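Asker: For the sequence shown, my numbering begins at 767 and goes up steadily by one. Each residue gets a CB set at the ideal place from its N, CA and C atoms; glycine is no exception. Remember, predicted model here, so these are calculated numbers, not experimental data.
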Amino acid sequence: MSPAGNYHDRVHVDDYAEPVFAPEVAATIEAAKPLVDLMPLDVDAICDHASEELSASGRCFDDFGGVDGDDFRVRMKALLDAYSAAPALSHMGHITVHTVFLQLVRNRLLLADLLARHPQIHEIEVTAPIIIAGLPRTGTTHLHNMLSADPSLRSLPYWESVEPVPPPGDVTSVDGIDPRRARTQAACDFMDAALPYFKRMHEMTADHVHEEIQLLAIDFSSMFFETLALIPTWRDRYLAADQTPHYEYLKTVLKALTFLRGGTRWVLKSPQHLEQFAVLARVFPDATVVVTHRDPVAVTASMATMIAYT
């Protein structure tokens, strides 16, 4: 049966332990092996690469932003050390981590540049957001999609979560397509080819309404990083830290996105928020928080299936 067939049909996945990829995907994975040596999991190398790449536009990008006295590099190094120590990290895992971190640092530089050029962004209010918090696989995405259908609410498309601030030189095409959207869709197309059943578990397109966990990741303190590999040392560090400054950073990102693309009342969603109700109350005191519920046994089985497949 084709993976694109009837979504109500039962599917049996039998290659969890030894994944079988389509020939073209397997060839791409094999060809990527030499890239590992060119993609170090090193803070300075990644930050320098991002800065030099963006500065090639003619503008200087050397301000990484953030709050005075807070060095995101410390958290970034803790994460990269945890990934480097992960025994099951494959060469594609290594490449993925480097690629994701490079994009996060780019996003950080672009945000700092935008804020420096438009300081009035800080005056924008993020008023009465609706925040969905629930365990994965409890219908949070369906609820998020439903609420986001209200044109009076501002939501986050996936492409905007991946690249929230456009880099210099990006020009919208004559048919109105943002280059960031096109890049994200290309990545989604590869994922569909590599993981054809994933869309049955959680459909990913450039335009689908997405959670803000990748915006939190720009400050390098988020549950997001645990989706890339098993990194228990990071989990311990994350749980021991007050996440208030990182949610304040998220609020600044939302202000910037409001400045760039409009909107008034945000609708947000992430399982991460379940652990951060006190922080949410401090940073978004007028928020409406919605919690979804489902039998935890079904949640665990569904989540384990999805994580094992991806």
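Counting Cβ pairs, one atom from each stretch, are 3 or more of them under 8 Å apart for the stretch 937–946 and the stretch 878–885?
Answerer: no
Asker: Is residue 1056 helix, strand or coil when you go by DSSP?
Answerer: Numbered from its first residue, the sequence shown carries residue 1056 at position 290. DSSP places residue 1056 in strand when its eight states are reduced to three.
Asker: Identify whether residue 853 lies in helix, strand or coil by the three-state DSSP scheme.
Answerer: Residue 853 sits at position 87 when you count from the first residue of the sequence shown. Reduced to three states, the DSSP call for residue 853 is coil.
Asker: Is there contact here, the stretch 994–1009 with the stretch 1021–1033, by at least three beta-carbon pairs under 8 Å?
Answerer: no
Asker: Compute the beta-carbon to beta-carbon distance between residue 954 and residue 970, rounded to the nearest angstrom, for a pair I have assumed lies under 8 Å.
Answerer: Indexing the sequence shown from 1 puts residue 954 at position 188. Indexing the sequence shown from 1 puts residue 970 at position 204. Yes, they are in contact, since the Cβ atoms of residue 954 and residue 970 sit about 5 Å apart, within 8 Å.
Asker: Report yes or no: do the stretch 1048–1065 and the stretch 918–936 share at least 3 C-beta pairs separated by less than 8 Å?
Answerer: no
Asker: How big is the Cα-Cα spacing for residue 936 and residue 805?
Answerer: Here residue 936 corresponds to residue number 170 of the sequence shown, with the count starting at 1. Here residue 805 corresponds to residue number 39 of the sequence shown, with the count starting at 1. For residue 936 and residue 805, the distance between alpha carbons rounds to 25 Å.
Asker: Please state the DSSP three-state secondary structure of residue 1007.
Answerer: The residue labelled residue 1007 in the question sits at position 241 within the sequence shown. Correct three-state label for residue 1007: coil.
Asker: Nearest by alpha-carbon distance to residue 852: which of 796, 831, 999, 819 is it?
Answerer: One-based indexing of the sequence shown puts residue 852 at position 86. Measuring from the Cα of residue 852, the nearest candidate turns out to be 999.
Asker: If we count the other Cβ atoms within 10 Å of its Cβ and call it buried at 16 or more, is residue 1073 buried or exposed?
Answerer: Position 307 of the sequence shown, counted from the start, is the residue given in the question as residue 1073. Exposed, by the Cβ-count rule.
Asker: For residue 768, is the classification buried or exposed, using 16 other Cβ atoms within 10 angstroms of its Cβ as the cut-off for buried?
Answerer: Start at 1 with the first residue of the sequence shown, and residue 768 comes out as number 2. With a pLDDT of only 41 at residue 768, under the threshold of 50, the placement of this residue in the model should not be trusted, and no figure is reported.
Asker: Can you grab the Cα-Cα spacing for the pair residue 1075 / residue 776, in whole Å?
Answerer: In the sequence shown, residue 1075 corresponds to position 309, counting from 1. In the sequence shown, residue 776 corresponds to position 10, counting from 1. So the two alpha carbons sit approximately 16 Å from each other.
Asker: In three-state DSSP terms, what is residue 920?
Answerer: Translated into the one-based positions of the sequence shown, residue 920 becomes position 154. In this structure, residue 920 counts as strand in the three-state DSSP scheme.
Asker: By DSSP, does residue 769 sit in helix, in strand, or in coil?
Answerer: Here residue 769 refers to the residue found at position 3 of the sequence shown. Because residue 769 sits at a pLDDT of 48, beneath the cut-off of 50, its placement in the model cannot be relied upon, and the following sentence gives the value as read from the coordinates. Coil, per DSSP.
Asker: Write down every uninterrupted run of the beta strand (DSSP E) in the stretch 817–891 whose length is 3 residues or greater and which is fully enclosed by it, in chain order.
Answerer: none
Asker: State the Cα-Cα distance for the pair residue 844 and residue 975, rounded to the nearest angstrom.
Answerer: Within the sequence shown, numbered from 1, the residue matching residue 844 stands at position 78. Within the sequence shown, numbered from 1, the residue matching residue 975 stands at position 209. Spanning the two alpha carbons is a distance of roughly 30 Å.
Asker: Would you mind sorting residue 912 into buried or exposed? The rule is 16 or more other CB atoms within 10 Å of its CB.
Answerer: Locating residue 912 in the sequence shown gives position 146, counting from the first residue. Result: exposed.
Asker: For the stretch 1015–1032 and the stretch 984–993, state whether three or more C-beta atom pairs, one from each stretch, are separated by less than 8 Å.
Answerer: The stretch 1015–1032 is in contact with the stretch 984–993.
Asker: Just the Cα atoms here: how many angstroms apart are residue 1112 and residue 829?
Answerer: Outside the displayed span of the chain (767 to 1076) sits residue 1112, for which this structure offers no information.
Asker: DSSP three-state call for residue 1027: helix, strand or coil?
Answerer: As a position in the sequence shown, residue 1027 is number 261, starting the count at 1. Of the three classes helix, strand and coil, the one that applies to residue 1027 here is helix, per DSSP.
Asker: Return helix, strand or coil for residue 1034, following the three-state DSSP convention.
Answerer: Sequence index remark: in the sequence shown, residue 1034 carries index 268 (1-based). The answer is strand: DSSP assigns residue 1034 an E or B state.
Asker: Assuming residue 1024 and residue 890 make a contact with CB atoms under 8 Å, what is their CB distance in whole Å?
Answerer: Mapped onto the sequence shown, residue 1024 falls at position 258. Mapped onto the sequence shown, residue 890 falls at position 124. Contact holds; Cβ gap of about 5 Å.
Asker: Does the Cβ-Cβ distance between residue 973 and residue 923 come in under 7 Å?
Answerer: Taking the first residue of the sequence shown as 1, we reach residue 973 at position 207. Taking the first residue of the sequence shown as 1, we reach residue 923 at position 157. Contact flag set, yes.
Asker: Is it buried or exposed, residue 899, if we count other Cβ atoms within 10 angstroms and call 16 or more buried?
Answerer: For the purposes of this step, residue 899 is taken as the residue at position 133 of the sequence shown. Looking at its Cβ environment, which holds 16 or more other Cβ atoms inside 10 Å, residue 899 is buried.
Asker: Alpha carbon to alpha carbon, how far is residue 991 from residue 1001?
Answerer: The sequence position of residue 991 within the sequence shown is 225, counting from 1. The sequence position of residue 1001 within the sequence shown is 235, counting from 1. Straight-line Cα distance between these residues: approximately 9 Å.
Asker: Per DSSP, what kind of secondary structure is residue 896 in: helix, strand or coil?
Answerer: Along the sequence shown, read from residue 1 onward, the residue named residue 896 stands at position 130. DSSP places residue 896 in strand when its eight states are reduced to three.
Asker: Could you compute how far the alpha carbon of residue 831 sits from the alpha carbon of residue 960?
Answerer: What you label residue 831 is simply residue 65 of the sequence shown in a count that begins at 1. What you label residue 960 is simply residue 194 of the sequence shown in a count that begins at 1. About 36 Å.
Asker: What span of residues does the alpha helix (DSSP H) with residue 915 cover, start to end?
Answerer: By one-based count along the sequence shown, residue 915 stands at place 149. Counting along the chain, residue 915 falls outside any alpha helix (DSSP H), and DSSP gives it neither H nor E.
Asker: Just the C-alpha distance for residue 989 and residue 1038, rounded to the nearest angstrom, thanks.
Answerer: Here the question's residue 989 lines up with position 223 in the sequence shown. Here the question's residue 1038 lines up with position 272 in the sequence shown. Straight-line Cα distance between these residues: approximately 6 Å.
Asker: For residue 802, which of helix, strand or coil comes out of DSSP?
Answerer: Residue mapping note: residue 802 aligns to position 36 of the sequence shown, counting from 1. Residue 802: helix per DSSP, three-state reduction.
Asker: Residue 930 and residue 873 look like a contact to me (Cβ under 8 Å); what is the Cβ gap, rounded to whole Å?
Answerer: Against the sequence shown, residue 930 aligns to sequence position 164. Against the sequence shown, residue 873 aligns to sequence position 107. The pair is a contact, with the Cβ atoms about 6 Å apart (cut-off 8 Å).
Asker: Based on the DSSP output, what are the partners of residue 1063 in its beta bridges?
Answerer: Start at 1 with the first residue of the sequence shown, and residue 1063 comes out as number 297. DSSP output for residue 1063 lists no bridge partner at all.
Asker: Just to confirm my understanding: we take residue 819, look at its own chain, exclude 5 residues before and 5 after, and list those with CB closer than 8 Å. What are they?
Answerer: Looking up residue 819 in the sequence shown gives position 53. Around residue 819: 872.
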